[in-house]
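See structure below.
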Amino acid sequence: MAESLDDSVRVCHPEATLLVRISDAHPDPFSPNAFAQLSGVPLGHIMNLLDNLHQEGMIERRTPDDAEPGTLLVGLTPLGIKTAFMTGELERYILEHRRSLAVLRDLARVASAMGRAWATRVLLGAMAVNFGIGATMAWQAGLGSDYLFNSNAPGLLSIYRMIGLFVPEPDLPAQWWRLLSAGFVHLGLVHILVNGFSLNSLGRLSEGLWGVPGFLLVFLVSVWSGFALAATVSPGLTGGASGGICGLLGAMGSWVAINRRHMPAEIRASWTRALVINGVLIGCMSLIPGVSGPGHLGGALGGAATGLGLALMARGGSRRQFGIMILLASISAAALLGRVGLDVASSSDSAAKIRDFEGALADRAEIPELNKRLVPSVARHIQKFREDEDLHWHPLLQREKFRRNGKAAEAGARLARESVESGGGLAADWKSLEVRGTVSTKARDHAMAVLAATGAYAGIVADCLASGREWPMERDKEISEKRGVARKAVKAWEDLLEANRGDEAEPAAP
């Protein structure tokens, strides 16, 4: 005999109730007409339930030899017998029906929530505001057109960094938030339009399916995972919401895989087809140079894992606990991958290339200003230093005239002290200078070295000439050493100027 059902099951699962009634008549056939007359249930409703059971393979039509022509009789199939009579099978059948009803409710919620989807609109708004801030900054810098249509323009990197772009650099581990903020940075008008359209379509669908918390969780974990994998595998300048979009697609794939048997066939086929087409398109786009394939893959994997956890949690029972474990594991794995990616990117060749690029970019603005003000001052200082050394200091020191000619030695000492004072003033100007360029930084360091070396040499010369006969001969070697250091510093400075003379080439973007 089949398992008995309580009243709540009879109300919520009429197919199971009817299956029990059919099993009560087994092995004799079941008459829908007779059951309708005895139970008072409308025959049309019974026929609908029988149709559902027939589609599930639970019943089949019977035509006994003694039946009157045109009489509808049904009986259990082997699957129906197993479900009705084996312990636990009827309960499993009811649970499956409950899950199917839950899936239908989810799909109905998706349809009703498509028009609202305020979380999707908030994300789109954040992307638009961030893009607008960058556009304003670019416009003020005279780069408005490049910001919209030429994202590789050298002057844009500093703007992209300020609005949250993922940029490999030495202090990147302290800027972990760039793994999220970069998802709202878009490199050009076409980039934000394509991603905005995709997020608007897929986001509304996902928000209806998961609800606001689940949708935001999937999107943010996917964005993080995408940039984390990209930073680990191929670190470079990266931005855009495509990792999050791929994650939403991966999460929907997990949901369809978990609930496939409970979805209406037409909807299942439609969703599967859409997922496959979009997956192929994104896969092909990921092969285009300049598009971050690892970012797309990382986002898809992060979203699929998070979506799998959420889908299992919605199933209830023991699967809920398993879903929670998967969800926590996916978040932990994303966090760990992010840490690895930040460390790799901060020490990668890309970080060095970007530093060189930024240095060259800063040089374009800083070198003309240095050439206008400080470089000529150093040149005049060096020229005067050489004249004083050739005409006054070296002759006196070489022939020891400073020991016999007090007046000439006094004049030479005065010139040496003036050289020290003028060099000290220039050194203060260079020291207060803030530069970021590669060449301009070298110029500052070399200028400081020149001024320090010439000042040290002029200082000891002044002491020597002022001392006259009191100057100990043991210190003559010290004068020679400081003169050699000064000449080497001047030579390094002049070599730097010569190497960068007329170098106004546009730096290549990394």
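Its first residue numbered 907, the sequence shown is counted upward by one per residue in the working numbering. Using N, Cα and C, we set each Cβ at its ideal position, and we do this for glycine too.
Those residues which DSSP pairs with residue i across a bridge
{"i": "V980", "result": "F936 and R967"}
{"i": "F1072", "result": "T1144"}
Alpha-carbon spacing of residue i relative to residue j, whole angstroms
{"i": "A1240", "j": "G1149", "result": "13 Å"}
{"i": "P1378", "j": "E1384", "result": "11 Å"}
{"i": "G981", "j": "T989", "result": "13 Å"}
{"i": "T1042", "j": "N1036", "result": "10 Å"}
{"i": "L924", "j": "A1157", "result": "37 Å"}
{"i": "S1238", "j": "P1141", "result": "21 Å"}
{"i": "K1397", "j": "L1143", "result": "39 Å"}
{"i": "L1063", "j": "D1077", "result": "17 Å"}
{"i": "T1212", "j": "V1124", "result": "6 Å"}
{"i": "E1412", "j": "D1052", "result": "Confidence at E1412 is low in this model, with a pLDDT of 46, below 50, so its placement is unreliable and no value can be given for it."}
{"i": "I965", "j": "M953", "result": "12 Å"}
{"i": "T1344", "j": "N1277", "result": "15 Å"}
{"i": "I1151", "j": "G1102", "result": "10 Å"}
{"i": "M1030", "j": "V1100", "result": "Residue identity differs from the one stated: residue 1030 is Leu in this sequence, not Met. Answer to the nearest angstrom: the Cα atoms are 12 Å apart."}
{"i": "D934", "j": "W1177", "result": "42 Å"}
{"i": "W1045", "j": "D1401", "result": "39 Å"}
{"i": "G1159", "j": "N1184", "result": "11 Å"}
{"i": "I1273", "j": "R1261", "result": "17 Å"}
{"i": "I1000", "j": "A942", "result": "23 Å"}
{"i": "A1175", "j": "L1105", "result": "22 Å"}
{"i": "A1206", "j": "L1193", "result": "15 Å"}
{"i": "K1348", "j": "I1288", "result": "18 Å"}
{"i": "L1233", "j": "A1025", "result": "21 Å"}
{"i": "E1002", "j": "G1244", "result": "39 Å"}
{"i": "P1119", "j": "I928", "result": "45 Å"}
{"i": "L985", "j": "G1222", "result": "26 Å"}
{"i": "Q1304", "j": "D1335", "result": "34 Å"}
{"i": "G1038", "j": "L1126", "result": "22 Å"}
{"i": "R1191", "j": "S1057", "result": "The sequence as given places Met at residue 1191; Arg does not occur at that position. Each residue's alpha carbon lies about 18 Å from the other."}
{"i": "D1382", "j": "A1137", "result": "59 Å"}
{"i": "Q1214", "j": "L1187", "result": "The question names Gln, yet the displayed sequence has Leu at residue 1214. Computed Cα separation, rounded: 23 Å."}
{"i": "A1023", "j": "L959", "result": "37 Å"}
{"i": "R1407", "j": "R1286", "result": "18 Å"}
Given residue i as reference, the closest of the options once Cα atoms are compared
{"i": "G1132", "options": "G1114, L1154 and P1119", "result": "L1154"}
{"i": "N1311", "options": "S1373, G1117 and T1347", "result": "S1373"}
{"i": "G1482", "options": "M1191, R1004, H1287 and S1236", "result": "Outside the shown range of the chain, which is 907 to 1416, sits residue 1482, and nothing can be said about it."}
{"i": "V1246", "options": "F1291, P1079 and S1160", "result": "P1079"}
{"i": "E1306", "options": "I928, L1371 and I1288", "result": "L1371"}
{"i": "G1061", "options": "M1219, P938, A1271 and A1217", "result": "A1271"}
{"i": "F1055", "options": "F1072, S1087, G1070 and H1097", "result": "H1097"}
{"i": "M1354", "options": "S1386, V1284 and A1315", "result": "V1284"}
{"i": "D1351", "options": "E1380, H1300, L1303 and V1281", "result": "V1281"}
{"i": "K1259", "options": "E1075, H1168 and E1275", "result": "E1075"}
{"i": "G1189", "options": "L1181, A1180 and G1199", "result": "G1199"}
{"i": "R1067", "options": "L1122, H960, L1203 and G1145", "result": "G1145"}
{"i": "A1266", "options": "R967, S1346 and S1386", "result": "S1346"}
{"i": "D1255", "options": "I987, Q1227 and V1073", "result": "V1073"}
{"i": "R967", "options": "G1204, E1327 and F936", "result": "F936"}
Residue i vs residue j beta-carbon contact at 8 Å
{"i": "G857", "j": "G1361", "result": "As displayed, the chain neither begins before 907 nor continues past 1416, which places residue 857 out of reach and without an answer."}
{"i": "A1319", "j": "L1357", "result": "no"}
{"i": "L1135", "j": "G1196", "result": "no"}
{"i": "I1065", "j": "G1040", "result": "yes"}
{"i": "G1089", "j": "A1147", "result": "yes"}
{"i": "L955", "j": "N939", "result": "no"}
{"i": "G1070", "j": "R1084", "result": "yes"}
{"i": "L1218", "j": "I1164", "result": "yes"}
{"i": "A1405", "j": "A1359", "result": "no"}
{"i": "L996", "j": "A922", "result": "yes"}
{"i": "W1161", "j": "L1115", "result": "yes"}
{"i": "H951", "j": "M1033", "result": "no"}
{"i": "R1005", "j": "H1168", "result": "yes"}
{"i": "G963", "j": "T977", "result": "no"}
Chain D contact for residue i (CB, 8 Å cutoff)
{"i": "L979", "result": "Here chain D cannot be found, since the structure has a single protein chain."}
Heavy atom of the ligand PLP within 7 Å of residue i beta-carbon
{"i": "L1071", "result": "You won't find the ligand PLP in this model; it holds no ligand whatsoever."}
Problem - the region 1362 to 1380 in contact with the region 1331 to 1342 per 3-pair CB rule at 8 Å - result: no
Practice task
Taking 8 Å as the threshold, find out whether the region 1094 to 1114 comes into contact with the region 1287 to 1302 through three or more Cβ pairs.
Solution key: Per the Cβ contact rule, the region 1094 to 1114 is not in contact with the region 1287 to 1302 (fewer than 3 Cβ pairs under 8 Å).
Exercise for the section: Could you tell me whether the region 1243 to 1255 touches the region 1313 to 1327, where touching means 3 or more Cβ pairs closer than 8 Å? Expected result: Judged by Cβ distances under 8 Å, the region 1243 to 1255 makes no contact with the region 1313 to 1327, as fewer than three pairs qualify.
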